[in-house]
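The numbering of the sequence shown is full-length UniProt numbering, which starts it at 158 and goes up by one.
C-beta atoms are modelled at their ideal positions from N, C-alpha and C, and glycine is treated no differently.
All values reported here derive from a predicted model rather than from experimental measurement.
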Amino acid sequence: TRSNIGETGHDDSKLGPKLLVVSNRLPVTVTRDNNGTYHFNMSSGGLVSALKGVKSLMSFIWIGWPGTEIDPNEREYVRNKLREDYSCFPVFITDEQANLYYNGFCNDVLWPLFHYVPVPIVSSDGERKFDFKYWQAYSAANYRFAEAVLQVYQEGDYIWVQDYHLLLLPSLLRRRLRDVKIGFFLHIPFPTSEVYRILPVRKELLQGVLAADLIGFHTYDYARHFLSVCTRILGLDSSPKGVNYHSHFAHVGIFPIGIDPNTFHRALEDSNVQQRIQELHEKFIGKKVLLGVDRLDYIKGVPHKLLALEWLLTKHSEWMHKVVLVQIAVPTRTEIEEYKKLSSQTNELVGRINGKFGTVDHSPIMFINQSLAFEELVALYTVADVAIVSSVRDGMNLVSYEYVMCQQANKGVLILSEFAGSAQSLSGAIRVNPWNIEELANAIHEALSMPRREREIKHWKLYRYVTTHTAEYWAKSFFQELDNVVKHRDELRLS
Ligand code: GDG
């Protein structure tokens with residue numbers, strides 16, 4: 158499939174500055190089949206739709222890892238194909254390096270710590286968690302990304318680096334290109350300094366990202382933590398506007414991400430989706446549907462949700478046989494030990510609760526341990542009476558927004574963990590502390606019993622926010638702010 162992004166073809170040949178978006182993964186996944194033929198698959202992630210808006214401002218190229226090791230003899234072919242058909246530029250990394258960098262440092266060191274999950278110092282096979290080899294692979298990968306950017310960069314271009322995989326990239330680029338315009342956005346939480354300081358490489362990462370002109374976060378709290386970490390760990394002067402680092406000012410800003418409402422409007426108009434909605438309504442007739450949609454990640458609080466359902470069915474037995482929880486749990490990072498543990502723990506809980514409350518005719522939990530087609534997901538969002546987001550930490554959480562988009566007719570209720578970034582903006586949700594299982598169970602009871610009028614008011618609040626604070630709005634605001642701060646920077650230099 159070819160995306161809108163690719164349709165512009167050779168975007169980079171246009172005159173004028175370009176925007177170079179750099180993220181760990183390209184939006185195109187490259188795979189090689191047994192016959193040696195390469196396949197290119199465009200994914201439709203949130204960032205892809207977010208950037209549609211910026212595309213109207215200037216041409217852009219996406220730089221990132223294509224997700225697999227490419228044979229050195231075939232790199233040129235893959236590079237050309239990605240450049241010509243998708244406006245993408247690949248960063249080649251061997252599978253071994255990717256494993257250490259991506260599974261090791263990114264997802265087994267940074268991810269847990271930034272989500273307040275202290276990592277054990279040794280894993281069950283005796284490997285040290287902060288082993289130097291993971292850090293080395295992370296630095297090496299960031300160098301590879303820098304090299305790729307330099308191959309595409311032309312004077313005047315803007316560079317927008319995405320997420321925790323590439324914290325060193327701003328400084329690697331700044332060293333080579335003094336006047337480069339760099340923005341950085343963190344999609345996950347930035348933790349309090351008391352947690353951040355655990356990281357053995359806490360200084361190096363800060364020094365890496367501080368070379369950016371603008372550093373963006375989803376929420377005010379993440380930005381505040383970042384500023385205080387810079388003061389406490391590096392002893393730098395900071396203000397709410399940013400940090401002064403070696404005569405360079407790194408601006409800090411808050412840019413809550415959103416979704417693309419049109420994708421949902423279009424899907425809901427699709428007759429196949431409508432038919433599926435009808436089928437699901439018939440399937441669940443006489444029952445209330447609770448919905449969970451999560452990657453099976455320990456930050457998403459899936460066990461908390463299951464325990465709350467168990468409590469609900471115990472304490473409010475009137476809901477027994479009348480409520481079903483459809484839990485989508487998409488497998489993710491399955492090579493990492495913590496994810497394997499979570500998976501077996503979750504399976505056990507589902508088995509226990511279904512065993513305890515199930516009958517031949519009814520199981521309280523439908524556990525779907527695989528990814529669904531987007532159309533199926535939209536149909537489920539539409540028929541669900543309540544959506545439950547019980548993350549124990551979550552940078553933003555787009556599922557909460559997506560549910561709102563599909564509830565214009567039904568006016569379903571959103572239960573949202575106060576630990577998700579989106580809880581800062583979605584005041585029409587029932588906000589809960591997911592660690593308090595009774596509170597979460599009571600919230601489910603409240604949501605199931607809520608009169609339509611109250612649901613309408615809550616939905617209206619949510620809908621208004623989600624349709625105005627879109628992904629496009631996020632990308633444009635970030636980009637405009639980046640443009641402002643670099644213009645101001647260059648004026649100061651000239652004066
Ligand atoms: C990170 C941060 C932040 C899920 N299951 C299926 C499916 N999905 C889609 C959802 C949604 C996306 O995956 C998940 O987005 P989230 O925002 O909820 O979570 P993360 O993946 O952890 O994303 C997060 C985000 O970055 C953006 O900055 O909000 O906090 O952790 O779009 O719809 N899609 C399909 N089938 C599924 O089964 N098709």
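What is the residue span of the beta strand (DSSP E) that residue i lies within?
i, result
"aspartate 451", "445-452"
"leucine 649", "Per DSSP, leucine 649 belongs to no beta strand (DSSP E); it is in the alpha helix (DSSP H), 628-651."
"leucine 267", "Careful: leucine 267 lies outside any beta strand (DSSP E) and carries neither H nor E."
"threonine 188", "185-189"
"phenylalanine 531", "Where phenylalanine 531 is concerned, there is no enclosing beta strand (DSSP E), although the alpha helix (DSSP H) it sits in stretches over 531-540."
Quick check: what's the CA-CA separation for residue i versus residue j?
i, j, result
"histidine 167", "arginine 236", "Low per-residue confidence applies at histidine 167: pLDDT is 43, beneath 50, and the placement is therefore not dependable, though the value from the model is reported in the following sentence. In a straight line, the C-alpha of histidine 167 is about 13 Å away from that of arginine 236."
"lysine 633", "glycine 210", "7 Å"
"valine 561", "aspartate 427", "18 Å"
"leucine 334", "serine 501", "49 Å"
"tyrosine 195", "tryptophan 468", "50 Å"
"valine 309", "valine 179", "11 Å"
"methionine 215", "proline 174", "7 Å"
"leucine 324", "tyrosine 295", "10 Å"
"leucine 367", "aspartate 378", "18 Å"
"phenylalanine 342", "glycine 313", "20 Å"
"serine 606", "lysine 498", "35 Å"
"asparagine 511", "valine 483", "12 Å"
"tyrosine 620", "alanine 628", "14 Å"
"lysine 238", "leucine 326", "25 Å"
"alanine 369", "arginine 609", "48 Å"
"leucine 506", "histidine 461", "10 Å"
"lysine 290", "leucine 470", "48 Å"
"glutamate 439", "glutamine 432", "11 Å"
"glycine 585", "glycine 193", "52 Å"
"isoleucine 372", "isoleucine 493", "29 Å"
"lysine 212", "valine 205", "11 Å"
"isoleucine 545", "asparagine 504", "19 Å"
"phenylalanine 421", "leucine 267", "33 Å"
"alanine 380", "phenylalanine 406", "15 Å"
"valine 642", "tryptophan 219", "22 Å"
"arginine 240", "arginine 189", "18 Å"
"isoleucine 250", "alanine 297", "10 Å"
"aspartate 169", "asparagine 198", "At aspartate 169, the pLDDT of 46 sits below 50, so the modelled position is not reliable and the matter cannot be decided from this model."
Contact check, residue i vs residue j under 8 Å by CB: the rounded distance?
i, j, result
"valine 409", "phenylalanine 441", "So it is not a contact: roughly 46 Å between Cβ atoms."
"isoleucine 587", "alanine 600", "5 Å"
"proline 348", "valine 623", "Their Cβ separation, rounded to whole angstroms, is 27 Å, which puts proline 348 and valine 623 out of contact at 8 Å."
"serine 582", "histidine 626", "7 Å"
"tyrosine 630", "glycine 415", "6 Å"
"leucine 177", "tyrosine 315", "7 Å"
"leucine 356", "leucine 270", "6 Å"
"lysine 338", "leucine 649", "Not confirmed; about 14 Å, so no contact."
"serine 547", "glycine 458", "4 Å"
Could you name the residues of the same chain whose beta carbon sits closer than 6 Å to that of residue i, not counting the 5 residues immediately before and after it, in chain order?
i, result
"histidine 645", "none"
"glycine 552", "His344, Ile345, Pro346, His375, Gly578"
"leucine 597", "Ala465, Val589, Pro591"
"serine 395", "Leu384, Cys387, Thr388"
"valine 430", "Ala424, Glu532, Val535, Ala536"
"tyrosine 496", "Arg490"
Can you tell me where the alpha helix (DSSP H) with residue i in it begins and where it stops?
i, result
"tyrosine 300", "289-309"
"isoleucine 601", "594-606"
"serine 574", "Element bounds for serine 574: not the alpha helix (DSSP H) but the beta strand (DSSP E), 570-574."
"threonine 625", "609-625"
"lysine 498", "494-514"
"cysteine 387", "377-391"
"glutamine 431", "428-440"
With a CB to CB cut of under 7 Å and the five nearest residues on each side skipped, what residues in its chain are close to residue i?
i, result
"valine 358", "Trp292"
"arginine 550", "His272, Tyr273, Pro346, Ile456, Phe576"
"leucine 329", "Asn299, Tyr300, Ala303"
"leucine 393", "Cys387, Val400, Asn401, Tyr402"
"phenylalanine 514", "Leu470, Met477, Pro521"
"alanine 305", "Ile220, Phe246, Val248"
"glutamine 435", "none"
"glutamate 595", "Trp468"
Skipping 5 residues on each side, what residues in its chain have a beta carbon closer than 8 Å to that of residue i?
i, result
"residue 725", "There is simply no residue 725 to check, as the chain begins at 158 and stops at 652 in what is shown."
"alanine 566", "Thr539"
"arginine 285", "Ile278, Val279"
"isoleucine 390", "Ser350, Tyr353, Arg354, Arg359, Lys360, Leu363"
"asparagine 181", "Gly221, Trp222, Tyr259, Cys263, Gln319, Asp320, His322, Leu323"
"lysine 479", "Gly443, Lys444, Lys445"
Looking at chain D, is there any beta carbon in it that lies within less than 9 Å of the beta carbon of residue i?
i, result
"leucine 453", "Here there is only one protein chain, and chain D is not present."
Touch test, the region 545-561 against the region 513-532, Cβ-Cβ under 8 Å, three pairs minimum: no
Segment contact, 8 Å Cβ cut-off, at least three pairs: the region 485-505 with the region 521-528: yes
The region 265-277 contacting the region 228-243, beta-carbon criterion three pairs below 8 Å: no
Touching by the beta-carbon criterion (3+ pairs, under 8 Å), the region 218-225 and the region 238-251: yes
Touching by the beta-carbon criterion (3+ pairs, under 8 Å), the region 443-450 and the region 538-549: yes
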